Ligand SMILES: Cc1ncc(C[n+]2csc(CCOP(=O)(O)OP(=O)(O)O)c2C)c(N)n1
Ligand code: SF4
Ligand SMILES: [Mg+2]
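In this note's numbering, the protein residues as written are 10 to 298.
Shown next as structure tokens:
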């Protein structure tokens, strides 16, 4: 089902993202879906650059720029204060990068999830500390080049969707920019729920991944179609629903389009294919038939 996207112009043009940036594309769809009755919480990241330094924000909603450690705690505090003032209808959304989610902000995120705070937390996952020069995070995939893993990262990407689902929060989902209908539907769904809601959005970073300016959405679709990043939802940590899964396309089609993988040998690509196949075999057992 295609979801209608009503542009409320909460996010304006003229921001500071790289031309073609998929983070800016995702933010546009996320904040316009949440609408004007929204407060955003943003830690240091490309999202903070894109949101802009106050008073020159590119968003027509209040944006609180917090520390890299504290997004979930800041969002939870703001939501509690709004509730206390009778403004429970205002959405509070934290939008953080993978470094601010998988790594530096994880303690605050995990404890907010355990308390089932009434916030939406969206991780714009570009698989590295991109705003500071493309260093590796624990979201960086196996063998990807970053400036701090020049021979390729020797360990695998942390699985944040499964970690968040294990907190048994009401809603966990994966999304990406090549499937904007799916992203909008998930943000709309999260908006209509209460309690802790978490969405991780895969964001091809043109600069950090070595992708052509016009190829972000195509790379994002290939991530799904190769099985590297299946799109799914989890309710209460138990009920899994698959939205878009692998289409039988080899991972090589995804890897070869990105400069961060140009050092890979044929054997390493085969190894990544085996890992992706194995992860998919495990994940697919969780979906309702
Ligand atoms: C505690 C702390 N460590 C380091 C920094 C420096 N810093 C600012 S933004 C950033 C990168 C954040 O990466 P990520 O969250 O993935 O966002 P991206 O830049 O990729 O959008 C870092 C390391 C900081 N602000 N605070
Ligand atoms: S570095 Fe990457 S994520 Fe950041 S603004 Fe540029 S393309 Fe977007
Ligand atoms: Mg990042």
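Virtual Cβ for every residue (Gly too), placed ideally from N, Cα, C. Predicted, not measured: the structure shown is a model, and the values here were computed from it.
Taking the beta strand (DSSP E) that residue 206 belongs to, which residues open and close that run? Reading the chain shown from its first residue, position 197 is the one you call residue 206. Residue 206 -> beta strand (DSSP E) spans 206-211.
Is residue 139 near ligand 2 - that is, is its Cβ less than 8 Å away from at least one heavy atom of it? The count along the chain shown starts at 1 and reaches residue 139 at position 130. The answer is yes for residue 139.
Can you give the Cα-Cα distance for residue 27 and residue 222, rounded to whole angstroms? Position 18 of the chain shown, counting from 1, holds the residue named residue 27. Position 213 of the chain shown, counting from 1, holds the residue named residue 222. When rounded, the distance between both Cα atoms is 9 Å.
Let's see if you can read the secondary structure: which residues bound the beta strand (DSSP E) around residue 171? One-based indexing of the chain shown puts residue 171 at position 162. Counting along the chain, residue 171 falls outside any beta strand (DSSP E), though it belongs to the alpha helix (DSSP H) covering 169-174.
Any non-hydrogen atom of ligand 3 closer than 8 Å to residue 60 Cβ: The residue you call residue 60 lines up with position 51 of the chain shown. Checking the Cβ of residue 60 against ligand 3 gives no.
Please tell me whether residue 122 and residue 205 are closer than 9 Å, where the distance is taken between their beta carbons. Counted from its first residue, the chain shown places residue 122 at position 113. Counted from its first residue, the chain shown places residue 205 at position 196. A contact, by the Cβ cut-off of 9 Å.
Is residue 163 buried or exposed, if buried means 16 or more other CB atoms sit within 10 Å of its CB? Mapped onto the chain shown, residue 163 falls at position 154. Looking at its Cβ environment, which holds fewer than 16 other Cβ atoms inside 10 Å, residue 163 is exposed.
On the three-pair Cβ rule with 8 Å, is the region 104-113 touching the region 42-57? yes
Suppose you measure from the CA of residue 306 to the CA of residue 229; what does that come to, to the nearest Å? The shown model of the chain, from 10 to 298, leaves out residue 306, and the question about it has no answer.
What whole-angstrom Cβ distance do residue 195 and residue 208 have, given they're in contact under 8 Å? By 1-based counting over the chain shown, the position of residue 195 is 186. By 1-based counting over the chain shown, the position of residue 208 is 199. Right, the Cβ-Cβ distance comes to about 6 Å (below 8 Å), so this counts as a contact.
Out of curiosity, what's the CA-to-CA distance linking residue 137 and residue 17? Position 128 of the chain shown, counted from the start, is the residue given in the question as residue 137. Position 8 of the chain shown, counted from the start, is the residue given in the question as residue 17. Straight-line Cα distance between these residues: approximately 31 Å.
Whose C-beta lies closer than 8 Å to the C-beta of residue 294 among residues of the same chain, with five residues either side of it excluded? On the chain shown, residue 294 is found 285 positions in, with the first residue counted as 1. If we look at residue 294 and ignore the five residues flanking it on each side, it has no Cβ neighbours.
Contact set for residue 117: own chain, Cβ-Cβ below 7 Å, skip 5 residues either direction: Within the chain shown, numbered from 1, the residue matching residue 117 stands at position 108. Answer for residue 117: 78, 79, 80, 81 and 82, listed in chain order.
Please list, in chain order, all residues with a C-beta atom less than 5 Å from at least one heavy atom of ligand 2. 26, 27, 30, 32, 55, 135, 139, 214, 215 and 216
Would you tell me roughly how many angstroms separate the C-alpha atoms of residue 292 and residue 94, rounded to the nearest one? Translated into positions along the chain shown, residue 292 becomes position 283. Translated into positions along the chain shown, residue 94 becomes position 85. Residue 292 and residue 94: Cα-Cα distance of roughly 43 Å.
Should residue 215 and residue 29 be called a contact, given that it needs their Cβ atoms to be closer than 9 Å? The count along the chain shown starts at 1 and reaches residue 215 at position 206. The count along the chain shown starts at 1 and reaches residue 29 at position 20. Closer than 9 Å, so yes.
Given 8 Å as the limit, tell me if residue 133 has its C-beta closer than that to any heavy atom belonging to ligand 3. Reading the chain shown from its first residue, position 124 is the one you call residue 133. Within the cutoff, so yes.
Rounded straight-line distance, which links the Cα of residue 40 to that of residue 22: For this step, residue 22 is matched to residue 13 along the chain shown. For this step, residue 40 is matched to residue 31 along the chain shown. Using only the alpha carbons, I get a separation of about 13 Å.
Within the same chain, show all residues whose beta-carbon is closer than 7 Å to that of residue 111, passing over the 5 residues directly before and after it, in chain order. Numbered from its first residue, the chain shown carries residue 111 at position 102. Result list for residue 111: 146, 147, 148, 167 and 169, in chain order.
Check the DSSP bridge columns for residue 248 and list the partner residues they point to. As a first step, residue 248 is located in the chain shown; it is residue number 239 there, counting from the start. Looking at the DSSP assignment, residue 248 forms a beta bridge with 244.
Starting from residue 107, follow the alpha helix (DSSP H) in both directions and report where the run begins and ends. Looking up residue 107 in the chain shown gives position 98. Residue 107 -> no alpha helix (DSSP H), and no H or E assigned at all.
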